Structures are given as structure tokens and as C-alpha cells.
Amino acid sequence: GKSGYDHFMLKEIHEQPRSLRQCLQGRVDELAGQVTLEELPSLSPTRVHLVAAGTSYHAALYGAHLLQERGIPAQPFYAHEYASFTPPGDDALVVGVSQSGETADTLAAMREAHRRGADTLAVTNTVGSTLARESDHVLYIRSGPEIGVAATKTFASQLTALNLLTLSIAAGREARDVIASLRDLPGDVQAVLDDSKAEQVASAFADSDSYFFIGRGLHFPVALEGALKLKEISYEHAEGFAAGELKHGPLALVTENTPVFALVTGDGEAARKTIGNVKEVEARGAPVVAITDGLSDVGRYADYVLPIPESHPRVAPILANVQLQLVAYHVANQLGRPIDKPRNLAKSVTVE
Ligand code: M6R
249 GKSGYDHFML
259 KEIHEQPRSL
269 RQCLQGRVDE
279 LAGQVTLEEL
289 PSLSPTRVHL
299 VAAGTSYHAA
309 LYGAHLLQER
319 GIPAQPFYAH
329 EYASFTPPGD
339 DALVVGVSQS
349 GETADTLAAM
359 REAHRRGADT
369 LAVTNTVGST
379 LARESDHVLY
389 IRSGPEIGVA
399 ATKTFASQLT
409 ALNLLTLSIA
419 AGREARDVIA
429 SLRDLPGDVQ
439 AVLDDSKAEQ
449 VASAFADSDS
459 YFFIGRGLHF
469 PVALEGALKL
479 KEISYEHAEG
489 FAAGELKHGP
499 LALVTENTPV
509 FALVTGDGEA
519 ARKTIGNVKE
529 VEARGAPVVA
539 ITDGLSDVGR
549 YADYVLPIPE
559 SHPRVAPILA
569 NVQLQLVAYH
579 VANQLGRPID
589 KPRNLAKSVT
599 VE
């Protein structure tokens, strides 16, 4: 059942501290600064292709970025594209990211990879799924069943599992810091859940023309995910942009009736640049909602702040995403949408 929540989506958002704990359980050694993924052999790929669809594609985008940061050539692909235009590279490790493990597009991409002799790895929630059975290796995200059509807790666990995978392939000097933030992640997510003003923000903006989400680097996939979540359950128009792309076109859409959700953490170069983008939209009259750890002064330019705890830059996007999940949920709820079963959508898309 829904354990007292109005919708499975809200229940699953609130389950994240537990599902993240399960994902991390027994896999991180804080003292040694090491990750052990028992189900995997030691992998040292010369390059990685990540294939996925929808929310899982956003996780793939994030995973590719993590691996690239560690110097491993990695590329994300939409599964349906990869199935028909597979780039050369039999030496690639092909990672299929899929909650259900039954998405036809992803299975087709992985079968094509397999046919070309590539080593394949499934990152999935579903034990015994077709993807798990057909792949050479499997990394389970251990979220437990997700009923809501909108992926929530499984996205958080995909990002977490891709962090673990990256650390197991190429640890690097910062491994200890990442692991410390991963250890704190379940508690930090709980803190966001306990004290979110997302419902208030949702009521302030529930009759907007359009909703925009901006982020750079590892926050870009979360900007895309925030927009996807909002559009699929609220039926409102929403778009996610790489913050630096705004001025190359999307800025034309910005008005006083298009709230802009800006993901800004840390106080480095990326934060400074995104704050520049925030000022650009503010100058066009757009209301700004900053999702931030408070380390920069983005709050000064925002109409609302949705705070998140300080965390490692690789982990902060997972926390920021929780605020966006809640915004999407509350906008849809205020509009009276059938949140767990949005029109035209299925939990698992088993046709190409
Ligand atoms: O089961 P999968 O992760 O392969 O599903 C892929 C997409 O269909 C899925 O992520 C979809 O975009 C979500 N339900 C959106 O919330």
C-alpha cells in the first residue's frame, strides 16, 4: 500500500533515505577509501558507452560525466539511437542503465553491442530482468519496487550506483571525500525531506506558462530530469537547459510567467557562471528558484531558495534532485493530476 501517503510517488520520494542506504550497504569502505562491488569482476575499460532511455538516460549522462572526470572516455547515448547507429568501438564497455531491465529500446541497444562483441554491463533495479539475464555483468541499484510511473527513488539510486561504479573503475585521490558524502547521503536526503518548502514554491507557480530548469556540469542531467518529472505528471510545459546554452536561444522564451529553477552548489567557477545566467533571466523578469547549499550568494538573486546540505560536488546533484521531485509532485497535485498513472505513459516501455 501507500503507507499513508496520497500517492506512491510521494511514498517513493520519502523512501529514498532507505533505498539509498540499501544501495550503499556493504559496498563502501570509508577507512580504506574503497568501493567493493562484489558482483563485478575488476573492470578497466578503455572506453565506456552508456545506453538508456528517459530518466535512466539522464542517469547515463551523469555517469558519463563522472567517468570523463576520471579520464575515462565515456559517452551517453539514447538507447534507440544506439540500436540503429552504433558507433565503432568493440573495445567499449557498454553499460545499459534501466530501472525495469525490460525497456525494448535499451534491450535492442545492448543486443547490438553484444552482437559486435562488446562487454556489457547492466545497471538495473530488477533481479532476473531480461537486461540482467542478457548482460555479461550486472550491478543492482537495490531500490526495491517502484510503483509510480514517474521514476524517483530509482533515479537517486542509479546516480549513486554510477558513483560506486566510477570509484571502482578509477578511484582517484578524492575517493575518500566522495565516500564520506555518500555515507551522509541518506541522512542528508532525510533532512531535505523533513524541511522542504517545495509545496509553497509549487503553489506560488502552479499557473505558470512554462517551467525552466538550468544547471551546468553534473547538475545538467538533474535539470533535464526536473523538467521531465514536471512535464510527465503535471502536463505543464517544462524544459531543462545547460545553463550556458540559455543565451544561445532559450532566453527568448523567458518572461515573468516562466519560473526558472537554478541548480547552484559550491562557490567555484561553475556556481559563479550559473549565477551569471540567473541574473540574465532575472533581468527579463523571470522568477527564480535557487536550489543551493548556500555556499554562493545565489540566494540574493532568487525569489525562493530550496536549500540542500553541503556535499561533495558529485553527490550534491542527488540532493538537489529531491527538491525538484517535490516541486513536480506538488505542482501536479495542486493541478489535480492522476500522479501515479499519468496519461499516455507506461511504467515500462516494452515496444521499440
Ligand atoms: O525502466 P527504464 O529505466 O529502462 O525506463 C526508461 C524510461 O522509460 C523511464 O525512465 C521513464 O522515462 C520514467 N518513467 C520517467 O519518470
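Each residue of the sequence shown is one higher than the last, beginning at 249 in the UniProt record's numbering. C-beta: ideal position from N, C-alpha, C; glycine also. Keep in mind the model is a prediction, meaning the values are calculated, not measured.
Considering only C-alpha positions, which residue in the set the options is nearest to residue i?
i: glutamate 382; options: His362, Ile417, Tyr330; result: His362
i: aspartate 442; options: Gln264, Val345, Lys250, Ile587; result: Gln264
i: isoleucine 566; options: Thr506, Asn411, Asp425, Asp338; result: Asn411
i: alanine 331; options: Arg359, Ser304, Ser346; result: Arg359
i: leucine 574; options: Lys521, Arg548, Gln438; result: Gln438
i: alanine 580; options: Ala398, Val502, Leu272; result: Ala398
i: leucine 369; options: His297, Leu279, Leu478, Ala280; result: His297
i: leucine 341; options: Arg295, Ala301, Asp588; result: Arg295
i: leucine 430; options: Lys250, Tyr253, Arg269; result: Arg269
i: glycine 337; options: Ser348, Asp367, Asp515; result: Asp367
i: serine 458; options: Leu258, Arg562, Glu504; result: Glu504
i: glutamine 291; options: Val343, Pro324, Lys250, Phe325; result: The identity of residue 291 in the sequence shown is leucine, whereas the question assumes glutamine. That would be Val343, whose Cα lies nearest to the Cα of leucine 291.
i: phenylalanine 453; options: Asp436, Glu473, Asp425, Ser482; result: Ser482
i: threonine 303; options: Phe325, Val283, Pro293, Leu315; result: Phe325
i: glycine 249; options: Gly542, Pro393, Ile523; result: Pro393
i: glycine 516; options: Asp436, Arg364, Leu472, Gly542; result: Gly542
i: arginine 421; options: Glu473, Glu600, Ser456, Gln282; result: Gln282
From residue i to residue j, what does the alpha carbon distance come to, in whole angstroms?
i: leucine 572; j: proline 469; result: 12 Å
i: valine 526; j: glutamate 447; result: 22 Å
i: valine 537; j: alanine 423; result: 32 Å
i: histidine 385; j: isoleucine 417; result: 14 Å
i: leucine 433; j: asparagine 592; result: 34 Å
i: glutamine 582; j: isoleucine 320; result: 44 Å
i: glutamate 350; j: alanine 594; result: 12 Å
i: valine 440; j: proline 557; result: 8 Å
i: glycine 584; j: valine 570; result: 21 Å
i: serine 451; j: lysine 445; result: 10 Å
i: histidine 328; j: alanine 357; result: 7 Å
i: tyrosine 305; j: glutamate 286; result: 25 Å
i: tyrosine 549; j: glutamate 530; result: 8 Å
i: arginine 318; j: alanine 419; result: 8 Å
i: alanine 280; j: serine 544; result: 32 Å
i: histidine 467; j: proline 590; result: 26 Å
i: phenylalanine 560; j: lysine 477; result: Residue identity check: residue 560 is histidine in the sequence provided, not phenylalanine. Straight-line Cα distance between these residues: approximately 24 Å.
i: arginine 562; j: aspartate 339; result: 27 Å
i: lysine 521; j: glutamate 528; result: 11 Å
i: aspartate 400; j: lysine 495; result: Correcting the residue type first, residue 400 is threonine in the shown sequence and not aspartate. Distance between the alpha carbons of threonine 400 and lysine 495 is about 30 Å.
i: glutamate 493; j: leucine 554; result: 23 Å
i: arginine 275; j: leucine 315; result: 19 Å
i: leucine 272; j: proline 289; result: 18 Å
i: phenylalanine 489; j: glycine 547; result: 20 Å
i: alanine 322; j: threonine 414; result: 11 Å
i: glycine 497; j: arginine 532; result: 14 Å
i: glycine 514; j: glutamate 473; result: 21 Å
i: leucine 258; j: threonine 506; result: 25 Å
Could you give the first and the last residue of the continuous beta strand (DSSP E) run that contains residue i?
i: histidine 560; result: Note, histidine 560: premise wrong, no beta strand (DSSP E); not H, not E.
i: glycine 463; result: 459-463
i: arginine 295; result: 295-300
i: isoleucine 539; result: 536-540
i: residue 607; result: A query on residue 607 cannot be resolved here, the shown segment of the chain reaching from 249 to 600 and no further.
i: threonine 368; result: 367-372
i: serine 416; result: Run containing serine 416: none in the beta strand (DSSP E); it sits in the alpha helix (DSSP H), 401-417.
i: tyrosine 388; result: 385-388
i: serine 346; result: 340-346
i: residue 602; result: Since the first residue shown for the chain is 249 and the last is 600, residue 602 is missing from the structure and cannot be characterised.
i: alanine 510; result: 508-512
Is the distance from the Cβ of residue i to the Cβ of residue j below 7 Å?
i: alanine 352; j: threonine 598; result: yes
i: phenylalanine 509; j: phenylalanine 461; result: yes
i: valine 449; j: tyrosine 577; result: no
i: alanine 308; j: leucine 407; result: no
i: glycine 396; j: glutamate 260; result: yes
i: glutamate 484; j: alanine 475; result: no
i: alanine 301; j: threonine 354; result: yes
i: alanine 518; j: glycine 465; result: yes
i: isoleucine 587; j: histidine 255; result: yes
i: alanine 564; j: isoleucine 539; result: no
i: valine 371; j: valine 345; result: yes
i: serine 405; j: isoleucine 389; result: yes
i: valine 512; j: alanine 534; result: no
i: glycine 463; j: alanine 500; result: no
i: serine 391; j: serine 267; result: yes
i: serine 596; j: serine 251; result: no
Just to confirm the assignment, what range does the alpha helix (DSSP H) spanning residue i have?
i: isoleucine 320; result: Run containing isoleucine 320: none; DSSP gives neither H nor E here.
i: phenylalanine 453; result: 446-453
i: lysine 521; result: 517-531
i: glycine 435; result: 423-442
i: arginine 588; result: Reading the sequence as shown, one finds aspartate at residue 588 and not arginine. Where aspartate 588 is concerned, there is no enclosing alpha helix (DSSP H), given that its DSSP letter is neither H nor E.
Consider the C-beta atom of residue i and the heavy atoms of ligand 2; say whether any pair is separated by less than 6 Å.
i: glutamine 347; result: This structure simply doesn't include ligand 2; it includes ligand 1 instead.
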